[in-house]
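> To convert, take the position in the sequence shown, counting from 1, and add 42; that gives the numbering used here.
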Amino acid sequence: MAHDDKPDDDRGKPSEASDQAGGERSAAMTRPAGNDHPQPVPSLHETGPIATKSVTSPLPLTPAQPELRSPLDDAAPAAESAAAKSVFRTRSAIQRWPLDAERRTRLRNRFLHAVEGAPPTWGMRIQPADDGVEEARARAVIDLAMRIAEALLTTGSSAADVTATAIQLTHAYGLRSVHVDVTFTSITVSHHRGERHDPVTVMRVVANRTSDFDRLRRIQKLVAALAQDPIPIEEARERFTEIMRRPHLYHRDVVTAANAGLAAAIAALLDGSWQEIVLTLVTAAFIDRSLLWVSRRGLAAFFAQIIGGAIPTGVAVILMYARAHDVAGLGSVSPSVVVTAGIVVLLAGLQLVGAAQDAIDGYYVTATGRGFEVLLMTLGVVVGILMVLGLGNRAGVPAYISPTLGFAPSVTLQISLAGLVSAAFAITTYSGPRTVLVSLLTGALGWSAYLVGVFFQLSIAPASAIGAFAVGALAPALGRICRVPSLAITTAGLVTLLPGGMVYRGLYDYVGAASDEGLATLMSAGTVGLALAAGVSLGTYVGRPMGETRASTEHKKALRRVLRRRRTTR
43 MAHDDKPDDD RGKPSEASDQ AGGERSAAMT RPAGNDHPQP VPSLHETGPI ATKSVTSPLP
103 LTPAQPELRS PLDDAAPAAE SAAAKSVFRT RSAIQRWPLD AERRTRLRNR FLHAVEGAPP
163 TWGMRIQPAD DGVEEARARA VIDLAMRIAE ALLTTGSSAA DVTATAIQLT HAYGLRSVHV
223 DVTFTSITVS HHRGERHDPV TVMRVVANRT SDFDRLRRIQ KLVAALAQDP IPIEEARERF
283 TEIMRRPHLY HRDVVTAANA GLAAAIAALL DGSWQEIVLT LVTAAFIDRS LLWVSRRGLA
343 AFFAQIIGGA IPTGVAVILM YARAHDVAGL GSVSPSVVVT AGIVVLLAGL QLVGAAQDAI
403 DGYYVTATGR GFEVLLMTLG VVVGILMVLG LGNRAGVPAY ISPTLGFAPS VTLQISLAGL
463 VSAAFAITTY SGPRTVLVSL LTGALGWSAY LVGVFFQLSI APASAIGAFA VGALAPALGR
523 ICRVPSLAIT TAGLVTLLPG GMVYRGLYDY VGAASDEGLA TLMSAGTVGL ALAAGVSLGT
583 YVGRPMGETR ASTEHKKALR RVLRRRRTTR
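1) Please confirm whether Met-419 and Leu-392 have their CB atoms less than 7 Å apart.
2) Looking at the strands, I want to know which residues DSSP matches up with Arg-246.
3) Could you give the distance in angstroms between the alpha-carbon of Tyr-583 and the alpha-carbon of Ala-366?
4) Between the stretch 337-345 and the stretch 305-313, are three or more C-beta pairs nearer than 8 Å?
5) DSSP state of Val-220, grouped into three classes?
6) Report, in whole angstroms, the separation of the C-beta atoms of Gly-484 and Val-453, which I expect to be a contact under 8 Å.
7) Would you kindly check if the distance between the Cβ of Val-379 and the Cβ of Glu-318 is under 7 Å?
8) Tell me the DSSP secondary structure of His-213 in three-state form.
9) Would you mind reading off the limits of the alpha helix (DSSP H) that contains Ala-398?
10) For the alpha helix (DSSP H) containing Gln-317, name the first residue and the last one.
11) Report, in whole angstroms, the separation of the C-beta atoms of Ala-517 and Thr-532, which I expect to be a contact under 8 Å.
12) If I measure Cβ to Cβ from Gly-461 and keep anything under 6 Å in the same chain, skipping five residues before and after, which residues do I get?
13) Report all residues from its chain with a CB closer than 8 Å to the CB of Ser-458; omit the five preceding and five following residues, and keep chain order.
14) Could you tell me the alpha carbon to alpha carbon distance between Asp-400 and Thr-408, rounded to whole angstroms?
15) Please report how far the alpha carbon of Gly-165 lies from the alpha carbon of Val-222, in whole angstroms.
16) Going by CA-CA distance only, name the one from His-213, Thr-197, Ile-469, Phe-344 that's closest to Ala-187.
17) Let's see if you can read the secondary structure: which residues bound the alpha helix (DSSP H) around Glu-280?
18) Quick check on Ala-309: does DSSP put it in helix, strand or coil?
19) Since I believe Ile-469 is in contact with Val-297 (beta carbons under 8 Å), could you give me their beta-carbon distance rounded to a whole number of angstroms?
20) CB-CB under 7 Å to Cys-524, same chain, minus the five flanking residues each way: which ones, in chain order?
21) In whole angstroms, what separates the C-alpha of Ile-273 from that of Gly-216?
22) Let me confirm a value: His-239 is counted as buried when at least 16 other C-beta atoms fall within 10 Å, else exposed. Which label applies?
23) For Ser-490, collect the residues of the same chain with a Cβ closer than 7 Å to its Cβ; drop the 5 residues on either side in sequence, then sort them by chain order.
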């Protein structure tokens, strides 16, 4: 073939034209200043893949070896200098290319990390969970946790606190994969024991509800002790049973007297006369005994609230009739004070705080149940008032209502009476002496914050929200420091801020004047209720980190786990 006739020494060599062009380029790059005869530089074909011949070149082979130039080089033509710099930049860019690739890799990894998905929102453990606890022991622990959770729920604790307490207790006894579901009427506790074993699931229905904050304090103290130092499960159950079998802290007559004192303090706060205070005290005592009587006979709570709302309104209608006929001694008695104090007594025990807290924590089923209960009980009071006012209107009783309900002239007296109202309510919920004293402080604090809002010319709803926020923010810290249930002092601190007068005024305007002003007043009362719920919930959220102890820290960790499961990552 034609290429076989060519000598082997000429194989791989470029053509003469290529050699000539390459030589001219090399000469142009290596021509020294002031010398018309270029010095030839060997091409790559002459040196091979790796040059073994020492060649002196004006271009540096690496950026780390700077060129030693003579003063004669400054006289080189501008074109030759630009060509040399271009070659240097090209070689430097080629040497820096691996570093640029690393930078691109890092940038790509950062971008992927920024846009990658969040951790899974599944609340359960993905890996198998086998904590090694025997089935019999697991059932005993779950039964104890479920009974304690039921006791907490019946006293008005929020669903998140109930769930956190159950999980805290089961973790203390070695059960890790435990799931608690709390609704308004039932509690379900399930222990997932891995893939090879059936789960242990128990459900308990919450039947009756009662406010006993002294029992709540003892249960919380027991749970804190078990979380720090778990005792045998049988002994723990005996201690819990002993707490549940204890009688109420006060006799029922003491509760009636406390309700009467609460209403009398409300009347004094509204700047009532001594006749109005005495009449309000007697009316509140009669309301309490009547509700106790119908409750023992199994009457539904809604109808009991109707009876409770009808009693003070009936007293108000009698006062209106007496004023119309100039009965001696009753001409200056205001029916509005009596009805307002009675409404506050009826609304004081409703679970407004628990309903708002459940809604914020994400327990919407429980929040809906509690909220509907509050609404239903309030409607019962409204129906009772409307019935009696309607009957009085048909009977021709002259209607009368105070144009405004003022407060006691002294600010110090107002704050003191607000504290007495909260302390009296704490007694009605069977709170201990320490809780009663702390409730007195929270009541005075809430009313002081309300007066601050009024001083800055805020309307009733924002001022009430400020007072509720102050109570909610301080209650957790006071509860942990004084070792009393924060729920007890929070609920007691809000009693003075309840819109009892607005409810009565709106209903009276709606029935008597048949105008839209009554509906507007009722809507304002509802707005105040929502402001109280929002303020106390936000205050409780802010006040949770304050005043922590070791037991409260463990409970807080469990509460965080519970709330983390309720959230949905978007």
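All residues carry an ideal CB built from backbone N, CA and C; glycine is no exception.
Remember, it's a predicted structure, so these values are computed and weren't measured experimentally.
Taking the definition as stated:
1) A contact, by the Cβ cut-off of 7 Å.
2) DSSP output for Arg-246 lists Ile-229 as bridge partner(s).
3) Straight-line measurement puts the Cα of Ala-366 at about 52 Å from the Cα of Tyr-583.
4) Too few Cβ pairs lie closer than 8 Å, so no.
5) Here DSSP, grouped into helix, strand and coil, assigns Val-220 to strand.
6) Correcting the residue type first, residue 484 is Thr in the shown sequence and not Gly. The C-beta distance from Thr-484 to Val-453 rounds to 18 Å, too long to meet the 8 Å contact threshold.
7) Result yes, Cβ atoms of Glu-318 and Val-379 sit closer than 7 Å.
8) Helix.
9) Element bounds for Ala-398: 394-403.
10) Boundaries of the alpha helix (DSSP H) around Gln-317: 316-338.
11) By a beta-carbon distance limit of 8 Å, Ala-517 contacts Thr-532. Their separation comes to about 4 Å.
12) Contacts found: Leu-482, Gly-485, Ala-486.
13) Only Ala-486 meet the Cβ criterion.
14) Approximately 7 Å, taken between the alpha carbons.
15) For Gly-165, the pLDDT reaches just 47, beneath the cut-off of 50, and the residue's location in the model is therefore unreliable, although a value from the coordinates is still provided. Rounded to whole angstroms, Gly-165 to Val-222 spans 12 Å at the Cα level.
16) Shortest Cα-Cα distance from Ala-187 to any of His-213, Thr-197, Ile-469, Phe-344 involves His-213.
17) Looking at the DSSP string, the run of the alpha helix (DSSP H) that includes Glu-280 is 275-287.
18) DSSP places Ala-309 in helix when its eight states are reduced to three.
19) Their Cβ separation, rounded to whole angstroms, is 7 Å, which keeps Val-297 and Ile-469 in contact under 8 Å.
20) The answer, listed in chain order, is Arg-476, Val-480.
21) Linking Ile-273 to Gly-216 through their CA atoms gives a straight-line distance of about 12 Å.
22) Taking every protein chain shown into account, the CB of His-239 has fewer than 16 other CB atoms within 10 angstroms, so this residue is exposed.
23) Excluding residues within five positions, the ones whose Cβ falls inside 7 Å are Ile-457.
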